[in-house]
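I have placed the structure first, in the form of structure tokens, so that the comments after it can refer back to it.
Number of protein chains: 2
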Amino acid sequence: MIATRKLVDAGRSASPEETRERILAAAREVIGRKGKRGATTREIAEVAGVNEATLFRHFGSKESLLVACAQHFCGHMQLADVASQLSGNVAEDLLVIARLMHARFESLQDMIRWSFVEQDYDSDVFAATAWRPQLAILTVLTQFMQRRIDAGELQGEAHKIAMVFLGIVFMHVMGKKKFPDSPLHGDPDKALRFYIDVFLNGVTKR
Amino acid sequence: MIATRKLVDAGRSASPEETRERILAAAREVIGRKGKRGATTREIAEVAGVNEATLFRHFGSKESLLVACAQHFCGHMQLADVASQLSGNVAEDLLVIARLMHARFESLQDMIRWSFVEQDYDSDVFAATAWRPQLAILTVLTQFMQRRIDAGELQGEAHKIAMVFLGIVFMHVMGKKKFPDSPLHGDPDKALRFYIDVFLNGVTKR
DNA sequence: TTCGCATGCAAGTACCCACTTGCACTGGTC
DNA sequence: GACCAGTGCAAGTGGGTACTTGCATGCGAA
Chain A
131 MIATRKLVDA GRSASPEETR ERILAAAREV IGRKGKRGAT TREIAEVAGV NEATLFRHFG
191 SKESLLVACA QHFCGHMQLA DVASQLSGNV AEDLLVIARL MHARFESLQD MIRWSFVEQD
251 YDSDVFAATA WRPQLAILTV LTQFMQRRID AGELQGEAHK IAMVFLGIVF MHVMGKKKFP
311 DSPLHGDPDK ALRFYIDVFL NGVTKR
Chain B
131 MIATRKLVDA GRSASPEETR ERILAAAREV IGRKGKRGAT TREIAEVAGV NEATLFRHFG
191 SKESLLVACA QHFCGHMQLA DVASQLSGNV AEDLLVIARL MHARFESLQD MIRWSFVEQD
251 YDSDVFAATA WRPQLAILTV LTQFMQRRID AGELQGEAHK IAMVFLGIVF MHVMGKKKFP
311 DSPLHGDPDK ALRFYIDVFL NGVTKR
């Protein structure tokens with residue numbers, strides 16, 4: 131019974147909060163691989179090292195677990211501190227913002243990918259929650275652009291050029307697996323600098 | 131038995147090829163809404179107006195149907211004729227290509243969205259096939275950029291700036307549902323011209 | 001007319017999934 | 001020491017899903 135003992139102890143050693151955390155982390159991992167539909171409670175429990183019944187005792191239903199998962203990992207994020215890092219130089223500031231975007235996209239990539247498709251056809255709370263960070267970033271980006279336009283440094287409409295910049299960085303992250311042989315996916319910082327250069331100056335030869 | 135008669139006749143009136151076509155179209159439609167996993171053979175058959183057994187008699191298995199569907203709609207496309215429409219003016223030519231990209235992305239949007247997430251973790255033939263048109267477009271785009279660089283009109287590396295342009299247009303299509311209140315999603319042609327302007331000249335105020 | 005092929009229809013099989021339940025165990029709290 | 005909350009475990013339930021099968025039907029070709 132030693133083996134049984136060990137397993138039991140492993141479960142027992144953690145507090146309920148720790149158990150909850152493990153389940154949420156496992157859910158995120160499995161959803162990243164299989165998606166909302168493809169993720170089974172069985173596999174999530176297995177990855178979490180927890181009995182399936184425990185999962186339901188914690189979250190009640192699969193749907194509740196997924197929503198809790200999206201809220202846990204994609205909830206309110208602190209973006210305000212970006213402003214303090216800005217120097218005044220447009221290119222440098224854009225790099226700061228781009229790094230932030232890149233990091234966020236990268237770390238939430240799997241969730242975002244699925245929120246991209248499993249959309250609102252079902253008034254999907256999960257997808258809406260998982261997409262929130264992107265909207266937040268777009269807001270920050272738009273505000274930044276507006277300020278630079280007002281200062282006479284950039285031209286165009288703030289939300290439009292913000293969308294372009296967001297699209298470029300977003301596509302960079304999402305494209306890693308889809309265009310794996312692209313030379314852009316070596317040094318991320320280098321790629322970001324390149325994008326900023328194109329964004330600011332265009333590709334026309336002068 | 132008139133009702134039964136009608137249904138039967140509806141099925142009978144079509145040739146096996148037509149039946150096959152209807153099933154493929156239905157599969158595409160349902161996959162677009164529910165995804166590969168979420169699409170059930172029952173619903174596909176229902177949408178196609180055929181019996182579920184007929185679906186299996188045609189395609190053998192759901193997986194075979196999905197692969198056939200991807201091949202049918204995302205198979206080899208004729209892109210070569212773009213070259214004949216090019217004028218020599220970079221901005222105008224980019225608009226021609228962008229319109230083509232936009233139309234393709236738009237019409238294949240649902241399939242592409244799903245191929246985006248249900249990726250190769252399962253050596254997924256469906257996803258690989260559905261993604262092929264994007265790779266084809268990137269190739270055309272890269273070649274175009276290379277020619278313009280060689281002609282001294284553009285600067286940078288062809289594949290890199292091609293990726294940027296692709297990303298912008300791709301994000302435009304994919305973002306329609308995710309950023310519904312963006313002013314870019316009114317007149318597509320206007321948006322494409324705007325993207326091309328930013329791509330060529332940047333957003334820096336001169 | 002006759003025959004075969006494509007289909008409809010209904011029933012069924014085997015599996016998987018979300019979710020439940022009852023019981024046993026244990027570690028910490030009083 | 002007694003109790004209890006949190007967990008493991010095993011079995012089970014009900015519904016959905018892919019896929020099969022046997023038979024009836026009718027259209028079109030021989």
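From first to last, the protein sequence lines are chains A and B. Okay, so the first sequence: first residue is 131 according to my numbering, each after it adds one. Okay, so the second sequence: first residue is 131 according to my numbering, each after it adds one. Quick reminder that beta carbons are idealized off the backbone N, C-alpha and C, glycines included. Remember, predicted model here, so these are calculated numbers, not experimental data.
Residue from Phe-256/A, Thr-334/A and His-289/A with nearest C-alpha to Ile-326/B: Here residue 326/B is taken as the residue at index 196 of the second sequence, counted from 1. That would be Thr-334/A, whose Cα lies nearest to the Cα of Ile-326/B.
Which residues in the same chain as His-383/B place their Cβ atom closer than 6 Å to its Cβ, once the five residues preceding and following it in sequence are excluded? This structure does not reach residue 383/B, given that chain B is present from 131 up to 336, and the question cannot be answered.
Within chain A, partners of Gly-168/B - CB distance below 7 Å: On the second sequence, residue 168/B is found 38 positions in, with the first residue counted as 1. Residues of chain A passing the Cβ test: Arg-167.
Below-8 Å beta-carbon distance, Gln-239/B vs any chain A residue: Position 109 of the second sequence, counted from the start, is the residue given in the question as residue 239/B. It does not; no Cβ of chain A falls within 8 Å.
Does the distance from the C-beta atom of Phe-274/B to that of Gly-332/A stay below 8 Å? As a first step, residue 274/B is located in the second sequence; it is residue number 144 there, counting from the start. As a first step, residue 332/A is located in the first sequence; it is residue number 202 there, counting from the start. Taking 8 Å as the Cβ cut-off, Phe-274/B and Gly-332/A do not qualify as a contacting pair.
Closer than 8 Å, CB to CB, is Glu-283/B near chain A or not? Counting from one through the second sequence, the residue named residue 283/B turns up at place 153. It does: the Cβ of Glu-283/B has a partner Cβ on chain A nearer than 8 Å.
Using a cut-off of 7 Å between C-beta atoms, extract the partners of Gly-205/B located in chain A. Taking the first residue of the second sequence as 1, we reach residue 205/B at position 75. The premise fails here: Gly-205/B is roughly 18 Å from chain A at the closest Cβ pair, so nothing lies under 7 Å.
Excluding sequence positions up to five away, which residues of its chain have a Cβ less than 8 Å from the Cβ of His-232/B? Taking the second sequence and counting its residues from 1, the one referred to as residue 232/B is at position 102. Around His-232/B: Val-299, His-302, Val-303, Pro-318 and Leu-322.
Using a Cβ-Cβ cut-off of 8 Å, state whether Arg-243/B counts as contacting chain A. Mapped onto the second sequence, residue 243/B falls at position 113. Output row for Arg-243/B: interface = yes.
Please report the distance separating the alpha-carbon of Gly-291/A from that of Val-255/A. Residue mapping note: residue 291/A aligns to position 161 of the first sequence, counting from 1. Residue mapping note: residue 255/A aligns to position 125 of the first sequence, counting from 1. Note that residue 291/A is Ile in the sequence shown here, rather than Gly. Going by the C-alpha atoms only, they are around 29 Å apart.
If you draw a straight line from the alpha carbon of Arg-167/A to that of Thr-149/B, how long is it in whole angstroms? As a working note, residue 167/A is residue 37 in the first sequence. As a working note, residue 149/B is residue 19 in the second sequence. Each residue's alpha carbon lies about 29 Å from the other.
Examine chain B for any beta-carbon lying closer than 8 Å to the beta-carbon of His-202/A, and answer yes or no. On the first sequence, residue 202/A is found 72 positions in, with the first residue counted as 1. His-202/A does not count as touching chain B.
Is DSSP giving Asp-250/B helix, strand or coil here? One-based indexing of the second sequence puts residue 250/B at position 120. The predicted position of Asp-250/B is uncertain, since its pLDDT is 47 and thus under 50; no value can be drawn from it.
Under 7 Å between beta-carbons, which chain A residues line up against Lys-335/B? List them in chain order, please. As a first step, residue 335/B is located in the second sequence; it is residue number 205 there, counting from the start. Simply Gly-282, Glu-283, Leu-284 and Gln-285.
Check each candidate in Leu-216/A, Asn-181/A and Ala-198/A and name the one with the smallest Cα separation from Leu-230/A. Walking along the first sequence from the start, residue 230/A turns up at place 100. Ranking the options by Cα distance to Leu-230/A, first place goes to Leu-216/A.
Name the chain A residues that come within less than 7 Å of His-289/B, Cβ to Cβ? On the second sequence, position 159 is the one that residue 289/B refers to. Here the neighbours are Ser-312 and Pro-313.
For His-302/A and chain B, any beta-carbon pair shorter than 8 Å? Translated into positions along the first sequence, residue 302/A becomes position 172. It does: the Cβ of His-302/A has a partner Cβ on chain B nearer than 8 Å.
What is the DSSP secondary structure of Thr-170/B, reduced to helix, strand or coil? In the second sequence, residue 170/B corresponds to position 40, counting from 1. Coil.
Suppose you measure from the CA of Ile-267/A to the CA of Leu-284/A; what does that come to, to the nearest Å? Counting from 1 along the first sequence, the entry for residue 267/A is found at position 137. Counting from 1 along the first sequence, the entry for residue 284/A is found at position 154. Distance between the alpha carbons of Ile-267/A and Leu-284/A is about 19 Å.
Mind reading off the beta-carbon distance from Met-293/A to Ser-312/B? Whole number of angstroms is fine, and I expect it under 8 Å. Looking up residue 293/A in the first sequence gives position 163. Looking up residue 312/B in the second sequence gives position 182. The Cβ separation is near 6 Å, so the contact holds.
Nearest-angstrom beta carbon gap, Val-220/A and Arg-278/A [assumed within contact, 8 Å]: As a working mapping, residue 278/A is identified with position 148 in the first sequence. As a working mapping, residue 220/A is identified with position 90 in the first sequence. Yes, Arg-278/A and Val-220/A are in contact; Cβ-Cβ is about 6 Å, under 8 Å.
Which same chain residues end up closer than 7 Å to Arg-158/A when comparing Cβ atoms and leaving out the 5 residues on each side of it in sequence? Locating residue 158/A in the first sequence gives position 28, counting from the first residue. Same-chain partners within the cutoff: Cys-199, Phe-203 and Met-241.
Less than 8 Å between CB atoms is the rule here; does Ile-227/B satisfy it with respect to chain A? Working through the second sequence from its first residue, we reach residue 227/B at position 97. False, the Cβ-Cβ gap to chain A never drops below 8 Å.
Where Glu-148/A sits in the DSSP three-state scheme: For the purposes of this step, residue 148/A is taken as residue 18 along the first sequence, with counting starting at 1. Helix, per DSSP.
Should Arg-243/A and Phe-246/B be called a contact, given that it needs their Cβ atoms to be closer than 8 Å? For the purposes of this step, residue 243/A is identified with residue 113 of the first sequence, where counting begins at 1. For the purposes of this step, residue 246/B is identified with residue 116 of the second sequence, where counting begins at 1. Yes, the pair counts as a contact, with Cβ atoms nearer than the cut-off.
Does DSSP put Lys-335/A in a helix, in a strand, or in coil? Position 205 of the first sequence, counting from 1, holds the residue named residue 335/A. The answer is coil: DSSP assigns Lys-335/A none of H, G, I, E or B.
From the beta carbon of Tyr-251/B, is the nearest beta carbon of chain A less than 8 Å away? Stepping through the second sequence from its first residue, residue 251/B is reached at position 121. Here the model assigns Tyr-251/B a pLDDT of 49, short of 50, so the residue's position is not dependable, and the following value carries that caveat. For Tyr-251/B, the answer is yes, since a Cβ of chain A falls inside 8 Å of its Cβ.
Look up Leu-284/A in the DSSP assignment and say whether it is helix, strand or coil. Translated into positions along the first sequence, residue 284/A becomes position 154. Three-state result, Leu-284/A: strand.
Please report the straight-line C-alpha distance between Ile-161/B and Asp-280/A, rounded to a whole angstrom. To locate residue 161/B, count along the second sequence from 1; it is residue 31. To locate residue 280/A, count along the first sequence from 1; it is residue 150. Approximately 46 Å between the Cα atoms of the pair.
Which class does Lys-307/A belong to by DSSP, given the choice of helix, strand or coil? By one-based count along the first sequence, residue 307/A stands at place 177. Coil at Lys-307/A, not helix or strand.
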